[in-house]
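Inspection log for the structure reproduced underneath, given as structure tokens.
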Amino acid sequence: MKHPLVDTFRESKLIAIIREVDRRDIVETVAALLAGGISCVEVTFDHTGSAGIRNTLDCLDAIRERFAEQVILGAGTVLSPGEVELAEKHNARFIISPNTDPAVIRTAKEAGMLSMPGALTPSEITSAYEAGADIVKLYPVDILGVGYVKAVKGPLKHIPMSAVGGITPGNVREFLDSGALCVGIGGNLVNCRLTENKKFLEIQLQAKAFCDKIKQAY
């Protein structure tokens, strides 16, 4: 049965990836994304140590407490079933990984969460989907480009795919037109340089630039 968030992502088309943003800056960061028009947010696990994991969980808590249902909130860089369980306890509704681990997919599905594992080759993509992925994340897609997305979607039209890696306002429409159901946007939207220097207006304007490209086309 199709997870309801598949249609949410198909409609919104954009997922903001928040990586290594300090919990003290997270509320203003997400407020800027919302003001710019993006409401699907992925907070990635920081595996540099226990402090990084704690910061990830604190960010998830702060987003849910401040924004409630305004934000479709998920966890990224999820590498183990234990992290799926942590993410669920801290308000995540979807799970994204850079790799395909059937145990991670299974744990997410058992918890009622959308699963979006990473894959790149046709064999990896089909294996992820057969393991239960709701959407397969093509990553890192910028290495092979838009033409690759078109190529793999040819025989694999039945598999919903997202595109992640190197997405900009200048190429976002190309990736969506090539067959991606949605895209994930990381450092070209939110990065530590902007958040540490409190440049939240820049984040808002960049979010708006992405959204404007979507509105012009769809």
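In this text, residue positions in the sequence shown follow the working numbering: the first is 3, and each later residue adds one.
From the three backbone atoms N, C-alpha and C, an ideal C-beta is built for every residue, glycine too.
As the structure is a computational prediction, the values presented were derived from the model and not from experiment.
Ordered along the chain, which non-local residues of its own chain (more than five positions away) have a Cβ less than 6 Å from that of residue i?
{"i": "E44", "result": "I17, I19, G76, G78 and I98"}
{"i": "L35", "result": "A18 and A209"}
{"i": "P171", "result": "A211, F212 and K215"}
{"i": "E284", "result": "Within the shown structure, residues of the chain are numbered from 3 to 220, placing residue 284 beyond reach of any answer."}
CB-CB under 7 Å to residue i, same chain, minus the five flanking residues each way: which ones, in chain order?
{"i": "V2", "result": "Any answer about residue 2 is impossible in this case: the structure gives the chain only from 3 up to 220."}
{"i": "L59", "result": "L88 and H92"}
{"i": "E90", "result": "A113 and M115"}
{"i": "E67", "result": "none"}
{"i": "R25", "result": "N57, D60, C61 and A64"}
Shortest alpha-carbon distance to residue i belongs to which of the options?
{"i": "C194", "options": "L62, L140 and V23", "result": "V23"}
{"i": "F11", "options": "P83, I40 and V29", "result": "I40"}
{"i": "S125", "options": "D48, L140 and V192", "result": "L140"}
{"i": "P104", "options": "D136, T123, R95 and A94", "result": "D136"}
{"i": "L146", "options": "R108, Q206, V8 and G167", "result": "G167"}
{"i": "P2", "options": "R175, P119 and Q206", "result": "Here the chain has residues from 3 to 220 only, and residue 2 is not among them."}
{"i": "S52", "options": "V8, N199, E85 and E30", "result": "E85"}
{"i": "R108", "options": "A121, T123 and S82", "result": "S82"}
{"i": "L189", "options": "F177, E204 and A110", "result": "A small correction: the amino acid at residue 189 is Gly; Leu does not occupy that position in the sequence shown. Comparing Cα-Cα distances from G189 to each of F177, E204 and A110, the minimum goes to E204."}
{"i": "H5", "options": "A37, D27, A110 and G54", "result": "A110"}
{"i": "P142", "options": "E13, Q206 and T123", "result": "T123"}
{"i": "F47", "options": "D144, Q206, V80 and I28", "result": "V80"}
{"i": "A165", "options": "E198, A121 and I28", "result": "A121"}
Just verifying my parser: in three-state terms, what is the DSSP assignment at residue i?
{"i": "V185", "result": "strand"}
{"i": "L81", "result": "coil"}
{"i": "K139", "result": "strand"}
{"i": "S164", "result": "strand"}
{"i": "S222", "result": "The structure shown does not extend to residue 222, since the chain spans only 3 to 220, so no value can be given for it."}
{"i": "A18", "result": "strand"}
{"i": "F47", "result": "coil"}
{"i": "L191", "result": "coil"}
{"i": "G134", "result": "coil"}
Spatial neighbours of residue i within its chain, please: CB distance less than 8 Å, with the 5 preceding and 5 following residues excluded, ordered by chain position.
{"i": "T128", "result": "L158 and I161"}
{"i": "M1", "result": "Only positions 3 to 220 of the chain appear in this structure, which leaves residue 1 out of reach."}
{"i": "N173", "result": "V148"}
{"i": "R95", "result": "L7, I74, L75, G76, M115 and L116"}
Using 9 Å as the limit for Cβ to Cβ distance, is residue i near chain C?
{"i": "G167", "result": "Structure shown: chain C not included; a single protein chain is present."}
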